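A.B. asks:
In the working numbering, the protein residues as written are 251 to 691.
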């Protein structure tokens, strides 16, 4: 019996050495989870049970258990590197076209393959929840996961519907231009003008030029106030301020005589009408001269515009349209929302990283490549999202390091070696005893 007891000890020590060696070998493997050997003693039993004087029959390996405690986060310069801080696994499909064969990992080394899918080093596709629209505020279809394809995208254009202008109109300007018929090609018929680029539904640019004409203060409704007429004209970028420009006319497609709006300022130069600075232009449909798609401007906002004794100036000019764009980058936030960024300044929501957790991580089947699969012992997969329902947060531009403590493993290696040597010594001692017995005459 002592020979077999010592042999079981050698086997146990050998297993411990192998497990410790594997931990040391993977000390730099992203997402790796260390293991430990767990042992149980062995007793020989009979029909009557185990005797109180039975010395025991050795040891056996009860389990090699992985330890799923958090590894340190290592920050990188790659936005596609992902780490989970807390509970959960990334959900992977075998390939972008084989989405029913799933595995799970903590290793977030992702990249774009040649088709533009987000995959890991083994070509497994990262699964995400599909967005309901291109806007993050519209939410995600959390019941459906899908691979995410990115680099085939172009930034969708967005038509201008709001223009914001913050200006100063010179209070010292005279009203002579208002006595002449307005003509955008004749600078004597207006006091000031400014232009901005707006976009139609196809993303094509057009020049919106706004002209300002000061009215005779004597005709103002209240003493001390000043009024200005405002005209808008649309032209192509190559031909601004020419007769090819199309007047912005209320309720018509183009037109010959632009409808003017009016700005009123008090004696201190503050805009008083419209009070909020906005002209509601829901009926303004602008047809560019080339016959391109219409531009429908709902609001032109002059809030913040003043009239003081300083030269005409443009203090702010914005509009909310966008041309078509090309993909310039990918961002992922701490909730796992993936955004595609485009050269036109726009962005598009591509999906939300799907996380999965299990009731018993130690019951997961080890698949290699730092990934695991569901098993009967792990329980059913529990899907979820980063930052919700006990799932961890996602850190982009970071990787989770192996949770191996190299110093502790080296100490354990020495202990395992001594354990092995001690069991080998037991066999040597037993052999010496056997030789002594054989020499008895």
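From the three backbone atoms N, C-alpha and C, an ideal C-beta is built for every residue, glycine too. Here the structure is a predicted model, which is why all the values come from computation and not from measurement.
Excluding five sequence neighbours on each side, which residues of the same chain lie with their C-beta closer than 7 Å to the C-beta of residue 353?
C.D. replies: In the chain shown, residue 353 corresponds to position 103, counting from 1. The beta carbon of residue 353 sits closer than 7 Å to those of 342, 374, 617, 621, 622, 623, all from its chain and outside the five residues before and after it, given in chain order.
A.B. asks: Assuming residue 632 is part of the beta strand (DSSP E), what are its boundary residues?
C.D. replies: Here the question's residue 632 lines up with position 382 in the chain shown. It spans 632-634 - the beta strand (DSSP E) in which residue 632 sits, taken as one unbroken run.
A.B. asks: May I have the straight-line CA-CA distance separating residue 494 from residue 484, to the nearest angstrom?
C.D. replies: On the chain shown, position 244 is the one that residue 494 refers to. On the chain shown, position 234 is the one that residue 484 refers to. Residue placement at residue 494 cannot be trusted, given a pLDDT of 45 that sits under 50; the coordinates are not used to answer.
A.B. asks: Can you give me the C-alpha to C-alpha distance between residue 427 and residue 462, rounded to a whole angstrom?
C.D. replies: Within the chain shown, numbered from 1, the residue matching residue 427 stands at position 177. Within the chain shown, numbered from 1, the residue matching residue 462 stands at position 212. Roughly 10 Å separates the two Cα atoms.
A.B. asks: Check the C-beta distance from residue 582 over to residue 329 and give it rounded, since I have them as a contact under 8 Å.
C.D. replies: Taking the chain shown and counting its residues from 1, the one referred to as residue 582 is at position 332. Taking the chain shown and counting its residues from 1, the one referred to as residue 329 is at position 79. With 8 Å as the limit, residue 582 and residue 329 qualify as a contact, their Cβ atoms being about 7 Å apart.
A.B. asks: From 372, 636, 288, pick the residue whose C-alpha is nearest to that of residue 390; which is it?
C.D. replies: For the purposes of this step, residue 390 is identified with residue 140 of the chain shown, where counting begins at 1. Each of 372, 636, 288 was checked against the Cα of residue 390, and the nearest Cα belongs to 636.
A.B. asks: Measure the alpha-carbon distance for residue 499 versus residue 548 and round it to whole angstroms.
C.D. replies: Here residue 499 refers to the residue found at position 249 when the chain shown is read from its first residue. Here residue 548 refers to the residue found at position 298 when the chain shown is read from its first residue. Bear in mind that a pLDDT of 45 at residue 499, under 50, signals an unreliable position, so the model cannot answer this.
A.B. asks: Out of 554, 260, 372, 431, which has the shortest C-alpha to C-alpha gap to residue 510?
C.D. replies: Sequence index remark: in the chain shown, residue 510 carries index 260 (1-based). Closest option to residue 510, Cα to Cα, is 431.
A.B. asks: Enumerate, from N- to C-terminal direction, the unbroken beta strand (DSSP E) stretches of 3 or more residues contained entirely within the region 561-612.
C.D. replies: For the region 561-612, whole beta strand (DSSP E) runs of length 3 or above, ordered along the chain, are 563-569, 575-582, 587-592, 597-603, 605-607.
A.B. asks: Is the Cβ-Cβ distance between residue 517 and residue 554 less than 7 Å?
C.D. replies: Along the chain shown, read from residue 1 onward, the residue named residue 517 stands at position 267. Along the chain shown, read from residue 1 onward, the residue named residue 554 stands at position 304. No, the Cβ-Cβ distance between residue 517 and residue 554 is not below 7 Å.
A.B. asks: Rounded to the nearest angstrom, what separates residue 597 and residue 337 at their Cα positions?
C.D. replies: To locate residue 597, count along the chain shown from 1; it is residue 347. To locate residue 337, count along the chain shown from 1; it is residue 87. Cα to Cα, the separation comes out at about 29 Å.
A.B. asks: Just the Cα atoms here: how many angstroms apart are residue 672 and residue 380?
C.D. replies: Taking the chain shown and counting its residues from 1, one reaches residue 672 at position 422. Taking the chain shown and counting its residues from 1, one reaches residue 380 at position 130. Between residue 672 and residue 380, the C-alpha separation is close to 59 Å.
A.B. asks: Could you check the C-alpha separation between residue 478 and residue 422 for me, to the nearest Å?
C.D. replies: Taking the chain shown and counting its residues from 1, the one referred to as residue 478 is at position 228. Taking the chain shown and counting its residues from 1, the one referred to as residue 422 is at position 172. Between residue 478 and residue 422, the C-alpha separation is close to 13 Å.
A.B. asks: Residue range of the alpha helix (DSSP H) that residue 409 falls in?
C.D. replies: Sequence index remark: in the chain shown, residue 409 carries index 159 (1-based). Run containing residue 409: none; DSSP gives neither H nor E here.
A.B. asks: Quick one: is residue 501 buried, meaning 16 or more other Cβ sit within 10 Å of its Cβ, or exposed?
C.D. replies: Here residue 501 refers to the residue found at position 251 when the chain shown is read from its first residue. Bear in mind that the predicted position of residue 501 carries a pLDDT of just 33, short of 50, making it too unreliable to give a figure here.
A.B. asks: For residue 515, which residues of its own chain have a beta-carbon under 7 Å away from its beta-carbon, when the five flanking residues on both sides are left out?
C.D. replies: Position 265 of the chain shown, counted from the start, is the residue given in the question as residue 515. Around residue 515: 475, 476, 521, 522, 557.
A.B. asks: In chain order, what residues of the same chain lie with their CB nearer than 7 Å to the CB of residue 659, ignoring the 5 residues before and after it?
C.D. replies: In the chain shown, residue 659 corresponds to position 409, counting from 1. Cβ-Cβ distances below 7 Å link residue 659 to 270, 273, 274 in the same chain, with the five nearest sequence neighbours on each side left out; the list follows chain order.
A.B. asks: Using the Cα positions of residue 689 and residue 615, report the straight-line distance between them to the nearest angstrom.
C.D. replies: Walking along the chain shown from the start, residue 689 turns up at place 439. Walking along the chain shown from the start, residue 615 turns up at place 365. So the alpha carbons of these two residues sit roughly 54 Å apart.
A.B. asks: Quick check on this structure: which residue in 446, 399, 451, 471 has the alpha carbon closest to the alpha carbon of residue 459?
C.D. replies: Here residue 459 refers to the residue found at position 209 when the chain shown is read from its first residue. It is 446 whose Cα lies nearest to the Cα of residue 459.
A.B. asks: Kindly list the residues whose CB is nearer than 7 Å to the CB of residue 526, restricted to its own chain and excluding five residues on each side of it in sequence; keep chain order.
C.D. replies: What you label residue 526 is simply residue 276 of the chain shown in a count that begins at 1. The residues are 553.
A.B. asks: Any idea what DSSP makes of residue 638, helix, strand or coil?
C.D. replies: In the chain shown, residue 638 corresponds to position 388, counting from 1. In the structure shown, residue 638 sits in coil (DSSP, three-state: anything other than H, G, I, E or B).
A.B. asks: Measure the C-alpha to C-alpha separation of residue 575 and residue 407 and round it to an integer number of angstroms.
C.D. replies: Taking the chain shown and counting its residues from 1, the one referred to as residue 575 is at position 325. Taking the chain shown and counting its residues from 1, the one referred to as residue 407 is at position 157. Spanning the two alpha carbons is a distance of roughly 7 Å.
A.B. asks: Find the nearest neighbour of residue 392 within the set 638, 669, 674, 683, judged by alpha-carbon distance.
C.D. replies: Translated into positions along the chain shown, residue 392 becomes position 142. The shortest Cα separation from residue 392 among 638, 669, 674, 683 belongs to 638.
A.B. asks: Is DSSP giving residue 326 helix, strand or coil here?
C.D. replies: Position 76 of the chain shown, counted from the first residue, corresponds to residue 326. Correct three-state label for residue 326: coil.
A.B. asks: Please report the distance separating the alpha-carbon of residue 609 from that of residue 628.
C.D. replies: Reading the chain shown from its first residue, position 359 is the one you call residue 609. Reading the chain shown from its first residue, position 378 is the one you call residue 628. The alpha-carbon atoms of residue 609 and residue 628 are separated by roughly 6 Å.
A.B. asks: Put residue 332 into one of helix, strand or coil per three-state DSSP.
C.D. replies: Start at 1 with the first residue of the chain shown, and residue 332 comes out as number 82. Residue 332 falls in the strand class under three-state DSSP.
A.B. asks: Give every residue of the same chain whose Cβ lies closer than 6 Å to the Cβ of residue 586, excluding the five residues on either side of it in the sequence, and list them in chain order.
C.D. replies: Here residue 586 refers to the residue found at position 336 of the chain shown. Hits under 6 Å: 602, 603, 636, 644.
A.B. asks: Nearest to residue 652 by CA position, among 262, 472, 321, is which residue?
C.D. replies: As a first step, residue 652 is located in the chain shown; it is residue number 402 there, counting from the start. Ranking 262, 472, 321 by Cα distance to residue 652 puts 321 first.
A.B. asks: According to DSSP, what are the bridge partners of residue 293?
C.D. replies: Against the chain shown, residue 293 aligns to sequence position 43. Beta-bridge pairing links residue 293 to no other residue.
A.B. asks: Three-state secondary structure (DSSP) at residue 443?
C.D. replies: Start at 1 with the first residue of the chain shown, and residue 443 comes out as number 193. Strand at residue 443.
A.B. asks: With DSSP collapsed to three states, give me the class of residue 646.
C.D. replies: Working through the chain shown from its first residue, we reach residue 646 at position 396. In this structure, residue 646 counts as strand in the three-state DSSP scheme.
A.B. asks: In angstroms with no decimal places, state the Cα-to-Cα distance between residue 571 and residue 562.
C.D. replies: Within the chain shown, residue 571 is the residue found at index 321, counting from 1. Within the chain shown, residue 562 is the residue found at index 312, counting from 1. Looking at the two C-alpha atoms, the distance is approximately 26 Å.
A.B. asks: Helix, strand or coil for residue 688 per DSSP?
C.D. replies: As a first step, residue 688 is located in the chain shown; it is residue number 438 there, counting from the start. Secondary structure of residue 688 (DSSP, three-state): helix.
A.B. asks: At the level of alpha carbons, what is the spacing between residue 684 and residue 253?
C.D. replies: Position 434 of the chain shown, counting from 1, holds the residue named residue 684. Position 3 of the chain shown, counting from 1, holds the residue named residue 253. When rounded, the distance between both Cα atoms is 11 Å.
A.B. asks: Would you say residue 471 faces chain D, with C-beta separation under 7 Å as the test?
C.D. replies: Going by chain labels, chain D is absent from the structure shown, which holds only one protein chain.
A.B. asks: In angstroms with no decimal places, state the Cα-to-Cα distance between residue 481 and residue 425.
C.D. replies: Here residue 481 refers to the residue found at position 231 of the chain shown. Here residue 425 refers to the residue found at position 175 of the chain shown. Rounded to the nearest angstrom, the two C-alpha atoms are 16 Å apart.
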